[in-house]
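Protein sequences, first through last, are from chains Y and F.
Numbered according to our numbering, the first sequence terminates at residue 341, and the numbering increases by one at each position without gaps.
Numbered according to our numbering, the second sequence terminates at residue 1259, and the numbering increases by one at each position without gaps.
Backbone N, C-alpha and C define an ideal beta-carbon position, used for all residues, glycine too.
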Amino acid sequence: MGCYQASRGESDARGKHMRLLAVLWALFLFYPLLASNSYAIGLGVMFCINLMLIASLNLIMGYCGQISLCHGGFFGLGAYVSGVLSAKYGVSAPIGIAAAVMLTGCASLLIALPALRLRGHYLAMATLGFNAILSVLFVELVGLTGGPNGLSGIEPIVLAGFSFDTDVRFFYLAWLSALVVMAAILNLTYSRIGRAVVSLSGNEIGASSLGVNTYGLKVQIFVVSATVAAFSGSLFAHFNLFASPETFSFFTSVLLVVMVAVGGWGKYWGALFGALVFTLVPEYLRAFHDVELLVFGLSMIVVLMFFPDGLAGMTQRALAFARARIRPMLSTAPKEGPNHG
Amino acid sequence: MASERFLSVSDVSVRFGGLAALSSFSFDMREGAIHGLIGPNGAGKSTLFNVIAGLLQPSAGEVFFRGRSIQRDPRHRRVHLGIARTFQNLQIFRDLTVLENVMVGCHSRFRCGFWSSIARPPHQRREEQQIREIAMQKLEQTRLQSMAHVLAGNLSFGQAKILEIARALAADPKLLMLDEPVAGVPHAEVGHMMDVIKGINAAGVSVLLVEHNMNFVMKLCDDIVVLNYGRKISEGSTGQVKADPAVLQAYLGEEPVDA
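This is how it looks when you write it as structure tokens:
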């Protein structure tokens, strides 16, 4: 009896997010019809790619509580492996993407095994070092990557004879990929594994004394997060048909961390807000030319100072406030934990 | 013979630098008992808990549980073997709800991994349902069910202590180790805690507890071990330990020889 009600309450929280995701993505499906030109559609594609990047970083940093400063590097590894396989060896894109995801998975496992024995600042330093190594490789392996000039000649994705060679076609691929990643992360956070992940980020001793293999789980989530980054990287490469090393520098890794924070640490919808900011704000800031980065940095500081739980947390509170004002009867309804917000 | 022993600590020593927190400490605990572990501050009680739970590797000696050495098992494995614990300074998950805290407690009893968590096949959903039911049942057993959807960080200290017990119980342990269950708990809630622990023991769980509240220990425990300066100074039933001059000396100091 009591149990049944509790179960309803729990699965409702997941179901509520899932329904919202379905509605948003159904609307988003019509974006190419509204977008006036290929530039706007390109922004839609980049939004999906950034969303997967930030959501996967939020998984390891927001939910699992482990700092990773090489997400940009994994993004780049995915882009370069599938890009090089396509441009230099003529490997078909689906196989190249699979190879990129697997290779990045192995690389991230190699870095995770020693690095996740470390905590806090030491973990930050170790992952930062790995990003630096990758950045150097992208620039120095000129024969493969094209070096500082970038890698050109990447072929579009062809799946069963269907070529994703226009912006609109590619949009639907990115749309679907982002939907799958977002749904997967939602399901994961409302599961035995997801609860263990959140518990270890708050209190590792407590989690391990309940039988959670905290080290093993951290390594697993780190690898998952890196492979999603690699997947978005290879989509990026096959969309732009070009890759250049500065896209995947340490600077990108730091910006991605900032986007997780701006969206909201460990908040499910945080990644969505982070990806919106990451995709759109630089476009508007183009007008500021040289001070673009300065304005970007300052606005991030302002958001983080006044909204420590990010744009997702801010929206959540604004909605709760509005709801309380409009329908006072509902304001007493029990609230779910903020972790999944 | 070894298989008859439930929990057996054999010749365990723990050294922190020059300090011997435990010196050649041995004791046996029988299945089904409520066993008390007492001693002045710094006697090595929490150290012993950490050795049994696997948070500390002893410098020498071994721990046996249900007839086999658990020395090489990492701490999360020991939960799977049937040892669960609570902490003197709370280790609850403050950002999870009370119910979710207890659901994490079920972790060791279930199997569903990463892929089924994402794909949610029917067997995973059944498992989630079971986890929820077990957790709710543990909350009812400890009378916390009304707080199920409250964030654990918002509980009172006494409630949080009970939550830690409910969470440990969710792992379905054979041995439950309680580190100072009533320290800092308001007087009015001590009786409730005693009922909770008695109920757990009656359901077949052996309990090993550290506690400074002597009244509580004497009323609740079947057997008692007394530690001082990392050594065992007395052992036996509550009556035997109460009458032991070595215990009085440890707690009250030596009688002055001459004024």
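(message) At the level of alpha carbons, what is the spacing between Y:Asn203 and Y:Trp175?
(response) 36 Å
(message) Less than 7 Å between C-beta atoms, sequence neighbours within five positions excluded: which residues of the same chain meet that for Y:Leu235?
(response) Ile49, Ala174, Ser177
(message) What does the alpha-carbon distance come out to for the pair Y:Cys70 and Y:Leu294?
(response) Their Cα atoms are separated by approximately 23 Å.
(request) Return the residues of the stretch 1078 to 1095 of chain F that lie within a Cβ-Cβ distance of less than 7 Å from chain Y, sorted by chain order. (result) Val1079, His1080, Arg1085, Gln1091, Ile1092, Phe1093, Arg1094, Asp1095
(message) Is the beta carbon of F:Phe1025 closer than 8 Å to that of F:Lys1242?
(response) no
(request) Evaluate the contact criterion for the stretch 226 to 240 of chain Y versus the stretch 1060 to 1072 of chain F: three or more CB pairs, one atom per stretch, below 8 Å. (result) These segments do not touch.
(request) Output the residue ranges of the beta strand (DSSP E) runs that lie fully inside the stretch 1177 to 1226 of chain F and measure 3 residues or longer, sorted by chain position. (result) Counting whole runs of 3 or more residues, the stretch 1177 to 1226 of chain F contains the beta strand (DSSP E) stretches 1206 to 1210.
(request) Assign F:Asp1011 to one of three DSSP states: helix, strand, or coil. (result) strand
(message) Classify F:His1035: buried if its beta carbon has 16 or more other beta carbons within 10 angstroms, exposed otherwise.
(response) buried
(request) Just mark Y:Val23 as buried or exposed, buried being the case when its beta carbon has 16 or more other beta carbons within 10 Å. (result) exposed
(request) Leaving out five residues on either side along the sequence, give the residues of the same chain with a beta carbon under 7 Å from the beta carbon of F:Val1196. (result) Hits under 7 Å: Thr1142, Ile1162, Ile1165.
(message) Within 8 Å, do at least three Cβ pairs link the stretch 25 to 45 of chain Y to the stretch 242 to 261 of chain Y?
(response) no
(request) Can you tell me which of the three DSSP states F:Arg1077 falls into? (result) For F:Arg1077, the three-state secondary structure derived from DSSP is helix.
(message) Between which residues of its own chain and Y:Asn131 is the CB-CB distance below 7 Å, once the five residues before and five after are set aside?
(response) Leu69, Cys70, Gly72, Gly73, Phe250, Ser253
(message) Measuring only the C-alpha atoms, how far is Y:Gly270 from Y:Gly216?
(response) 26 Å
(message) If contacts are defined as beta-carbon pairs under 8 Å, then Y:Met300 and Y:Val262 qualify, I think. What distance do you get, rounded to the angstrom?
(response) 6 Å
(request) State the Cα-Cα distance for the pair F:Trp1115 and Y:Leu179, rounded to the nearest angstrom. (result) 17 Å
(message) Nearest by alpha-carbon distance to F:Ala1020: which of F:Gly1042, F:Val1102, F:Phe1006, F:Val1009 is it?
(response) Nearest option by C-alpha distance: F:Gly1042.
(request) Determine the extent of the beta strand (DSSP E) in which F:Lys1232 is found, giving its start and end residues. (result) 1231 to 1237
(request) Establish whether the CB of Y:Ala184 and some CB of chain F are separated by less than 8 Å. (result) yes
(message) Run through chain Y and tell me which residues come within less than 9 Å of F:Val1063, C-beta to C-beta.
(response) Against chain Y, a Cβ distance below 9 Å from F:Val1063 picks out nothing, because the smallest value is about 16 Å.
(message) Let me make sure I understand the geometry here. Which of Y:Ala126, Y:Lys16, Y:Ile185 has the alpha-carbon closest to that of Y:Leu110?
(response) Y:Ala126
(request) Name, please, each residue of chain F whose Cβ falls closer than 9 Å to the Cβ of Y:Leu198. (result) It is Val, not Leu, that sits at residue 198 of chain Y in the sequence shown. Within chain F, the residues whose beta carbon sits less than 9 Å from that of Y:Val198 are Phe1093, Asp1095, Leu1096, Glu1100, Val1104, listed in sequence order.
(request) Ignore the nearest five residues each way along the sequence and tell me which others in Y:Glu336's own chain have a CB closer than 7 Å to its CB. (result) Any reading at Y:Glu336 needs caution, since the residue's pLDDT is 47, under 50, leaving its predicted position unreliable; the model's value is listed next. So the list reads Ala13, once near-sequence residues are dropped.
(request) Please confirm if F:Phe1114 has its CB atom under 8 Å from at least one CB of chain Y. (result) yes
(request) Output, in chain order, the set of chain Y residues within a Cβ distance shorter than 7 Å of F:Ile1131. (result) Arg192
(request) Name, please, each residue of chain F whose Cβ falls closer than 9 Å to the Cβ of Y:Arg19. (result) By Cβ distance, chain F contributes nothing, its closest Cβ being about 15 Å from Y:Arg19, past 9 Å.
(request) Kindly list, in the order they appear in chain F, the residues whose Cβ is closer than 8 Å to that of Y:Gln220. (result) Phe1114
(request) Compute the distance between the beta-carbons of Y:Phe222 and Y:Leu116, then report whether it is under 8 Å. (result) yes
(request) Show which residues of chain F have a CB atom less than 9 Å away from the CB atom of Y:Ile67. (result) By Cβ distance, chain F contributes nothing, its closest Cβ being about 18 Å from Y:Ile67, past 9 Å.
(message) Could you check whether the Cβ of Y:Leu109 sits closer than 8 Å to any Cβ belonging to chain F?
(response) no
(request) Pair every Cβ in the stretch 1102 to 1114 of chain F with every Cβ in the stretch 1200 to 1214 of chain F, then say whether three or more of these pairs are closer than 8 Å. (result) no
(message) Rounded to whole angstroms, what is the Cα-Cα separation between F:Ala1084 and F:Arg1030?
(response) 16 Å
(message) If you measure between the beta carbons of F:Thr1086 and F:Asp1179, is that distance less than 8 Å?
(response) yes
(request) Would you list, in chain order, the members of the stretch 44 to 61 of chain Y that have their beta-carbon closer than 9 Å to a beta-carbon of chain F? (result) Close to chain F, meaning a Cβ-Cβ distance shorter than 9 Å, is no residue of the stretch 44 to 61 of chain Y at all.
(request) Give the single residue among Y:Trp265, Y:Ser56, Y:Arg323, Y:Ala312 whose Cα lies nearest to the Cα of Y:Ala183. (result) Nearest to Y:Ala183 by C-alpha distance, out of Y:Trp265, Y:Ser56, Y:Arg323, Y:Ala312, is Y:Ser56.
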